[in-house]
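K.L.:
Let me begin by handing over the structure; questions about it come next.
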Amino acid sequence: MDKRLNLNLNVWRQKNASDKGRFESYQLKDVSPHMSFLEMLDVLNEQIIKDGGDPVEFDNDCREGICGMCSLVIDGIPHGPQQRTASCQLHMRHYKDGDTITIEPFRAKGFPVIKDLAVDRGAFDRIVAAGGYVSVNTGNAPDGNAIPIAKEMADKAMDSSECIGCGACVAACPNASAALFVGAKISQYTYLPQGAPERTRRAERMIAQMDAEGFGNCSNHGECEAVCPKGISIVNIARMRREFVKTIFS
Amino acid sequence: MASQSISAAYRMTVAKKVLMALSGLFLVLFVIIHMVGNLSFLLGGPDAFNKYSHTLISLGPLLYFVEAVLVLAFVVHAWNGISISLDNSRARPVKYRMLKSAGKPSKKTISSTTMIYTGLILLVFVIIHVKTFKYGPYYSTMVNGVEMRDLYRLVVEVFKQPLYTFGYLFTMLLLGYHLRHGFWSAFQSLGTNHPKYSGAIYTIGIAIAVIVAFGFLAVPLAVYFT
Amino acid sequence: MSKNGILDSKIPDGPIEQKWDRHKNNIKVVSPANKRKFKILVVGTGLAGASASASLAELGYQVQTFCIQDSPRRAHSIAAQGGINAAKNYQNDNDSVFRLFYDTVKGGDFRAREANVYRLAQLSTNIIDQCVAQGVPFARDYGGLLANRSFGGVLVSRTFYARGQTGQQLLLGAYGAMMRQVDLGGVELFARREMLDLVVIDGKARGIVVRNLITGEIETYSGDAVLLCTGGYGNIYYLSTNAKNSNATAAWRCYKKGAFFANPNFTQIHPTCIPVSGDYQSKLTLMSESLRNDGRVWVPKKAGDNRHPNDIPEADRDYYLERRYPSYGNLVPRDVASRNAKYVCDEGRGVGETKLAVYLDFADAIKRLGEDTIRDRYGNLFEMYERITGENPYKAPMRIYPAVHYTMGGLWVDYNLMSTIPGLFVLGEANFSDHGANRLGASALMQGLADGYFVIPYTIGEYLAGEKLPKVSTADEPFSKSVKQINDNIQRLLNIKGKKTVTEFHRELGLIMWDKVGMSRNADGLREALKLIPELRKEFWENVQIPGDAKNLNKNLEFAGRVADFLELGELMALDALERNESCGGHFREDFQTPEGEALRDDENYCYTAIWEDQGTGKKPLMHKEPLTFEYVKLTQRSYK
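Line by line, the protein sequences are chains B, Z and A.
Each residue of the first sequence is one higher than the one before, counting from 243 in the numbering used here.
Each residue of the second sequence is one higher than the one before, counting from 8 in the numbering used here.
Each residue of the third sequence is one higher than the one before, counting from 12 in the numbering used here.
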């Protein structure tokens with residue numbers, strides 16, 4: 243009953259970090275439109291293995307759009323054509339029979355390719371280590387209701403905190419800037435009283451780490467927001483800059 | 008809390024953007040005033056235009072100060088722009104075979120992706136422009152018994168040349184493009200994005216771009232076609 | 012209990028509400044100067060692993076933490092949607108530590124340890140405070156105080172939540188706390204590492220051997236204690252709501268090294284998942300069970316009724332949950348809802364292309380409350396459903412089917428969370444301790460964080476201060492022996508060069524497990540599984556085809572090792588299910604049911620934890636028992652009629 247698809251895939255293949263890499267073409271027949279994009283790649287890999295080849299490595303884990311591990315650039319758009327959707331939740335019904343699909347890894351100096359479509363996003367962990375938290379030890383927390391927090395503020399903090407850390411913002415940015423990721427983390431804590439005591443230090447250190455990782459400078463194109471699986475707004479970037487300006491005068 | 012020194016802050020990407028925004032907004036202000044002044048060329052005729060420019064020149068030290076600030080803003084803006092652009096090209100050493108826009112809410116436009124190119128052309132233009140007019144041939148005229156520079160004559164001479172005129176037209180359109188992204192972007196860089204106002208700022212930016220570009224086009228077109 | 016006393020659960024004396032405090036007062040504390048001399052290896056960075064790493068490093072221990080993903084933030088705790096329970100009684104609805112304890116013991120169908128569950132309920136309140144202090148943006152009311160919702164059919168509102176992403180927010184809190192320690196030098200982080208062996212020296216856990224998934228190198232790490240926080244083994248069914256990388260290997264290799272495995276067959280099947288759409292399916296997606304608050308579950312009365320659901324008149328529909336359970340209706344517990352969906356599909360009344368689905372219909376609710384209200388309540392779930400299936404659930408009923416979701420079983424631990432191998436502690440879903448035979452909604456997050464933030468920081472001191480732990484080095488023989496064994500094993504796998512891919516084997520195993528050791532089991536099916544699994548295992552070791560080599564990122568090789576372990580664990584699960592001649596919680600034996608077809612527990616003979624000791628692959632493991640006594644909650648038969 244469902245029309246099956248025959249697809250041409252141009253996939254980036256790279257043996258390891260030092261390999262130059264190249265595109266390779268594959269033909270995949272009889273793809274069900276109900277498959278997810280990653281399931282389509284699973285089928286491709288089974289075909290490659292049966293043919294005695296090396297399957298395409300790509301990062302993935304939860305396959306429900308929350309872990310942030312999948313990281314494909316599909317036809318020039320990180321996570322593909324459907325907005326607010328991670329690669330793992332994109333389904334093949336968005337494609338037509340005979341389509342050619344180009345699949346590349348996230349590309350940025352801060353995200354070196356490990357193999358094929360898998361990249362190293364350790365830079366994000368190092369940025370978080372530089373202050374993306376509230377410095378509170380276990381055990382000395384006051385009662386959860388001791389400090390009321392306006393619902394609007396809690397909701398805004400949640401909007402920022404929904405970031406899944408996938409790095410699509412960097413991948414989509416013409417400048418490979420990590421401003422949306424860093425801005426979202428800094429913003430989350432500016433909305434909450436718990437984050438206030440170290441807000442200056444946090445902004446200063448996280449931005450310095452972001453720069454040290456070699457990410458580009460945000461030119462306000464706003465592509466990041468358009469590809470973000472959680473639709474995180476560039477208002478967060480403005481907030482980060484506001485925090486930064488405060489660091490100079492504090 | 009230890010605050011950082013301004014020089015340390017400057018090395019950070021975010022600081023470059025803040026400076027870019029401050030200098031850019033100052034330049035926008037200048038450009039608007041410049042454009043309004045130019046309109047006196049059309050509306051007031053030769054004497055009015057020459058008197059206007061004479062008044063400016065007569066300001067003396069005040070003018071030098073404003074010029075110095077202007078030059079500073081210009082240099083900061085250009086220097087930062089080039090520096091940011093170099094940073095950015097280093098941030099993605101291997102390019103994509105294909106990179107497309109994901110569509111709204113993205114604000115990526117031809118304008119936003121060509122800022123460095125329109126900026127560099129504007130840089131060259133400004134140098135030529137200053138050389139042509141400020142340091143160009145000195146014609147003299149008398150208005151109400153006062154001897155002053157006849158800038159009106161120079162403007163007419165220059166804009167009768169097709170190459171200069173059309174080069175100018177082209178550059179002013181590029182200025183429009185530059186401002187179309189630059190204006191709202193400056194506010195975003197200064198951290199003033201707010202759901203309530205950002206839409207208005209974005210629209211004002213487009214309006215300023217259009218008004219400035221066409222405002223500057225008026226004089227050369229009028230001269231060339233009369 | 013058992014000979015030589017290794018199965019001492021170390022439950023403290025005294026009234027239940029004083030056990031934990033008394034225990035804390037009695038256990039040893041390591042002096043601050045000594046803490047930095049102890050190195051603790053933490054495997055896994057979900058709620059349990061991240062919170063333990065952070066808390067232990069804060070105390071001054073040297074911590075080395077390992078995770079399988081590219082970043083610790085991706086551990087599967089991140090996918091938990093609904094919420095986290097805590098006995099705060101903020102809603103003034105007469106909630107209390109005792110009530111949470113009671114609900115959890117009863118929900119677990121009386122197969123959990125009372126003392127552990129009570130401690131969990133006590134600690135639940137500290138967890139909320141801790142997370143709020145970390146900046147976790149819990150939902151709040153307009154007054155600025157924390158909001159609650161009711162969850163999983165309990166009588167009070169005690170579930171704290173952050174939209175539909177509670178697990179994500181709690182994990183980011185714990186991850187942040189851990190990354191702070193990375194920054195301060197207390198935690199050293201190793202990402203993209205898979206634990207392949209536990210090193211036991213003089214009977215104590217003294218190190219681990221991991222594979223660096225990028226370079227393929229086998230690396231060794233020594234320490235004074237090992238914390239296993241590696242989650243559950245639901246992926247043994249191939250299709251589950253678990254992440255693709257979730258696996259049993261770390262726990263299984265510890266089992267092979269002498270840690271006992273408790274209640275392996277206790278698996279939770281979640282009733283509201285998006286059904287399988289084809290044989291390429293790689294995982295299943297869960298939708299919050301809150302959907303059952305307004306959705307009505309039905310199938311056609313007649314088998315083979317292929318009409319569009321909207322064309323089937325009321326008279327031809329069977330709202331089977333409402334029919335069979337008039338008082339609870341669509342809100343029966345997870346295990347009951349799941350089992351009944353299976354029955355109607357077995358009768359041929361399933362719907363959709365595969366006939367393995369039932370309808371969850373919101374038409375009545377939309378008529379009653381309006382589409383806007385339904386969108387407010389479930390908008391994000393409806394969107395998710397549409398994204399995956401391409402169908403609009405506002406216009407036609409959803410199709411749902413149960414899927415494997417959580418494993419209550421796990422490595423056996425005592426009250427201190429220590430396994431039968433001294434120095435090996437097991438936290439979170441990886442242990443067996445708190446949920447009995449069925450876990451209540453919003454309790455998994457609570458357990459992971461209680462273990463990591465508030466239990467292990469105390470109980471590990473008892474071990475470290477009480478034991479003589481001479482220095483060991485990774486140059487020692489047990490380490491090199493283990494490395495050799497692992498390398499040999501990898502070479503052996505690569506050299507098979509057979510015809511069937513790892514995925515094909517995994518899928519086959521999954522089908523056996525689902526059919527015979529799934530939602531509903533019987534002795535014949537289990538015996539069959541005990542025959543089929545070893546056969547499949549044998550075929551695997553002769554005919555698996557693994558591409559590439561061991562010198563770089565090779566997911567097929569990683570999965571091959573995991574599937575090899577699943578092929579052993581599956582047998583143990585079937586054996587455990589066969590030995591337990593009763594129905595309880597997620598373990599439903601068709602041969603042990605009431606005349607009305609409900610689960611029939613046998614407290615007389617099976618009120619114990621079944622604990623398995625490995626005797627070598629292919630040999631029948633030895634079963635030990637830890638009897639369960641219920642002093643505070645009366646044993647009753649669950650009824651939802």
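Cβ atoms here follow ideal geometry from the backbone N, Cα and C, with glycine treated the same way.
Which stretch, first to last residue, makes up the alpha helix (DSSP H) that contains residue 191 of chain Z?
P.N.:
169-196
K.L.:
Between residue 262 of chain B and chain A, is any beta-carbon pair separated by less than 7 Å?
P.N.:
no
K.L.:
Going by alpha carbons, who is nearest to residue 510 of chain A out of A:534, A:555, A:497, A:532?
P.N.:
Looking from the CA of residue 510 of chain A, the closest CA among A:534, A:555, A:497, A:532 belongs to A:555.
K.L.:
Pair every Cβ in the segment 351-360 of chain B with every Cβ in the segment 111-131 of chain A, then say whether three or more of these pairs are closer than 8 Å.
P.N.:
no
K.L.:
Keeping to the same chain, check which residues put their C-beta closer than 7 Å to that of residue 468 of chain A; ignore five residues upstream and five downstream.
P.N.:
Cβ-Cβ distances below 7 Å link residue 468 of chain A to 66, 67, 70 in the same chain, with the five nearest sequence neighbours on each side left out; the list follows chain order.
K.L.:
Distance, Cα to Cα, residue 358 of chain B vs residue 258 of chain B?
P.N.:
Looking at the two C-alpha atoms, the distance is approximately 7 Å.
K.L.:
Please classify residue 423 of chain A: does DSSP put it in a helix, a strand, or coil?
P.N.:
coil
K.L.:
Is the beta carbon of residue 179 of chain A sitting closer than 7 Å to the one on residue 308 of chain B?
P.N.:
yes
K.L.:
Taking buried to mean at least 16 other C-beta atoms within 10 Å of its own C-beta, is residue 274 of chain Z buried or exposed?
P.N.:
This structure cannot speak to residue 274 of chain Z, because chain Z is shown only from 8 to 233.
K.L.:
Residue 28 of chain Z and residue 196 of chain Z look like a contact to me (Cβ under 8 Å); what is the Cβ gap, rounded to whole Å?
P.N.:
4 Å
K.L.:
Under the assumption that residue 87 of chain A contacts residue 187 of chain A (Cβ atoms under 8 Å), give the Cβ distance between them as a whole number of angstroms.
P.N.:
That pair is no contact at about 18 Å.
K.L.:
So which residues on chain B does residue 20 of chain Z lean against when the C-beta distance must stay under 7 Å?
P.N.:
453, 459
K.L.:
Would residue 194 of chain Z be called buried (16 or more neighbouring beta carbons within 10 Å of its own) or exposed?
P.N.:
buried
K.L.:
Do we get a CB-CB distance below 7 Å when we pair residue 462 of chain B with the residues of chain Z?
P.N.:
yes
K.L.:
Quick one: what's got a C-beta closer than 8 Å to residue 176 of chain Z's C-beta in the same chain, skipping five residues either side?
P.N.:
Cβ neighbours of residue 176 of chain Z within its own chain (closer than 8 Å, five residues either side excluded): 224, 227, 228.
K.L.:
Chain B partners of residue 139 of chain A, CB-CB under 7 Å?
P.N.:
Contact annotation for residue 139 of chain A against chain B: 386 [CB-CB distance below 7 Å, chain order].
K.L.:
What are the complete alpha helix (DSSP H) segments, minimum 4 residues, inside the segment 471-559 of chain A?
P.N.:
The alpha helix (DSSP H) runs lying completely inside the segment 471-559 of chain A and spanning 4 residues or more are 488-507, 513-527, 534-554, given in chain order.
K.L.:
Kindly provide the ranges of any alpha helix (DSSP H) runs that are 4 or more residues long and lie completely inside the segment 13-44 of chain Z, ordered along the chain.
P.N.:
13-17
K.L.:
Give the list of continuous beta strand (DSSP E) stretches no shorter than 3 residues that lie fully inside the segment 269-293 of chain A.
P.N.:
DSSP runs (the beta strand (DSSP E)) wholly in the segment 269-293 of chain A: 278-284.
K.L.:
Determine, using beta carbons only, whether residue 84 of chain A comes closer than 7 Å to chain B.
P.N.:
yes
K.L.:
Indicate whether at least one CB of chain B lies closer than 7 Å to the CB of residue 179 of chain Z.
P.N.:
no
K.L.:
Just to confirm my understanding: we take residue 302 of chain A, look at its own chain, exclude 5 residues before and 5 after, and list those with CB closer than 7 Å. What are they?
P.N.:
Hits under 7 Å: 283, 371, 389, 392.
K.L.:
Using the C-alpha atoms, what's the distance from residue 384 of chain B back to residue 141 of chain A?
P.N.:
Using only the alpha carbons, I get a separation of about 8 Å.
K.L.:
For residue 233 of chain A, which of A:482, A:590, A:406 has the nearest alpha-carbon?
P.N.:
A:482
K.L.:
Checking contacts by CB at 7 Å: is residue 219 of chain Z closer than that to chain B?
P.N.:
no
K.L.:
Between the C-alpha atoms of residue 50 of chain Z and residue 366 of chain B, what's the straight-line distance to the nearest angstrom?
P.N.:
Taken atom to atom, the span from the alpha-carbon of residue 50 of chain Z to that of residue 366 of chain B is near 58 Å.
K.L.:
What's the call for residue 395 of chain A, buried or exposed, on a 16-neighbour Cβ count within 10 Å?
P.N.:
It counts as buried.
K.L.:
Please tell me whether residue 337 of chain B has its Cβ less than 7 Å away from any Cβ of chain A.
P.N.:
no
K.L.:
Since residue 241 of chain Z meets chain B, which of its residues come closer than 9 Å, beta carbon to beta carbon?
P.N.:
Nothing can be reported for residue 241 of chain Z, as the shown portion of chain Z is limited to 8 through 233.
K.L.:
My output table needs one value for residue 8 of chain Z: the three-state DSSP class, helix, strand or coil.
P.N.:
Reliability of the predicted coordinates at residue 8 of chain Z is poor, the pLDDT of 34 falling under 50, and no value is obtained from them.
K.L.:
Buried or exposed for residue 197 of chain A, going by 16 or more other Cβ atoms inside 10 Å?
P.N.:
buried
K.L.:
Leaving out five residues on either side along the sequence, give the residues of the same chain with a beta carbon under 8 Å from the beta carbon of residue 323 of chain B.
P.N.:
316, 317, 332, 336
K.L.:
Just curious, the beta strand (DSSP E) that residue 223 of chain A is in, first and last residue?
P.N.:
Residue 223 of chain A -> beta strand (DSSP E) spans 215-223.
K.L.:
Do residue 425 of chain B and residue 376 of chain B count as a contact pair if the criterion is CB distance below 7 Å?
P.N.:
no
K.L.:
I need the DSSP call for residue 357 of chain B, collapsed to helix, strand or coil.
P.N.:
strand
K.L.:
For a cutoff of 7 Å on Cβ pairs, would you count residue 456 of chain B as touching chain A?
P.N.:
no
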